[in-house]
Structure formats: C-alpha cells, structure tokens
Amino acid sequence: ITMTTFLVMYGVALLTPVASFAPSLMATTAIALSVDYSLFILSRFREERKRGVEVTEAVANTMQYAGHIVLVSGCTILIAFLGLVFCPLDLLSTVGIGTSITIFITIRTKTKKGHDSDGWRATGTAIRSQQGTQVDKTP
52 ITMTTFLVMY
62 GVALLTPVAS
72 FAPSLMATTA
82 IALSVDYSLF
92 ILSRFREERK
102 RGVEVTEAVA
112 NTMQYAGHIV
122 LVSGCTILIA
132 FLGLVFCPLD
142 LLSTVGIGTS
152 ITIFITIRTK
162 TKKGHDSDGW
172 RATGTAIRSQ
182 QGTQVDKTP
C-alpha cells in the first residue's frame, strides 16, 4: 500500500511542491488504517467461525458486513482529508492529496472484489490460506 501511494504521490510532487512531512503522514495513515481494518475484519471472521460457519461462508459473511463497514468508514475519512485539498495553503493541500491517495488505496485493498470463488480475492485468500484457517483457534 505504502509503495503504491508513494509512486502516485511522486507524480503529484512533479507538478506541485509537497510538504516535507507528507510522506511520513501517508505512511502512518496507511499503517494505521491497514491494521485497524484488518483487525476489524479478522475479529468478524472469528465471530463467524465461533458460530460454526464454514470457512468459505464465513469469509463471505465477513466481507458482506465488515467489508461494508470498512468501506463506509474509509470513505468518511477520505472525504474529511479531501477537504484539505481545497485549503489555500500548499502545505495543507498536499497533505490532503497524499493522505487521500493513501486512504483510497487502503480501502481498495481491504474491500477488493476479484475472481475468487466468493468474490473477495484479497481478504478471502488471506483468511482461507493455511495460516488464516488457524485464526479461529487462537484464544
């Protein structure tokens, strides 16, 4: 996530001056949102497994409910940071651009639909992997 946002932000930096602390804020935002959303999704998956739901159905249920909440929450944060883009100060404007790019890419990777059997490639594959099936067995 962080490398992708830095590559996109590089193009922005070619067009306009970027605040020196923008990359640090972008990385921090990416890590914070990724950890928060991943924990939220995994806790929902564990709840499904504790109810006795099979892994494939648990992934689908998890992404139907938790994925929707992550999407709405992420869009709310994205709108808030997009507001900084319209500030007349370049310092705040570039921070708004950088963090908005980061938030968009984070949301996209956490709620990405793909060509998996249940439609959720990134999260579904991770949960159904050998390590992911052990998630519900941890205390």
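The numbering of the sequence shown is the working numbering, which starts it at 52 and goes up by one. We put the CB at the ideal spot given by N, CA and C, even for glycine. Every value quoted in this text rests on a predicted model; they were computed, and no experiment measured them.
Remark: three or more beta-carbon pairs, one from each stretch, lie closer than 8 Å, so the segment 91-100 and the segment 114-129 are flagged as touching.
Met-114 counts as buried, since at least 16 other C-beta atoms from the protein chains shown sit within 10 angstroms of its C-beta. In the DSSP assignment, Ile-92 falls within the unbroken alpha helix (DSSP H) covering 73-101. It is roughly 24 Å from the alpha-carbon of Ile-158 to the alpha-carbon of Leu-142. For the set Ile-148, Gly-125, Thr-162 and Tyr-88, the Cα lying nearest the Cα of Leu-76 is the one of Ile-148. When DSSP states are grouped into helix, strand and coil, Phe-137 belongs to the coil group. Residue state for Ile-120 is assigned as helix, using DSSP reduced to three classes. With respect to the 8 Å criterion, Ser-151 and Leu-133 are classified as neighbours on the basis of their beta carbons.
For Thr-80 against Thr-153, the beta-carbon gap comes to about 5 Å, under 8 Å, which counts as contact.
Val-106 sits in a helix when the DSSP states are folded into three classes. Counting the other CB atoms within 10 Å of its CB gives Glu-105 a total below 16, which places it among the exposed residues.
The alpha-carbon of Ile-52 is positioned some 7 Å away from that of Ile-156. In terms of Cβ geometry, Ala-70 and Val-136 do not form a close pair [threshold 8 Å].
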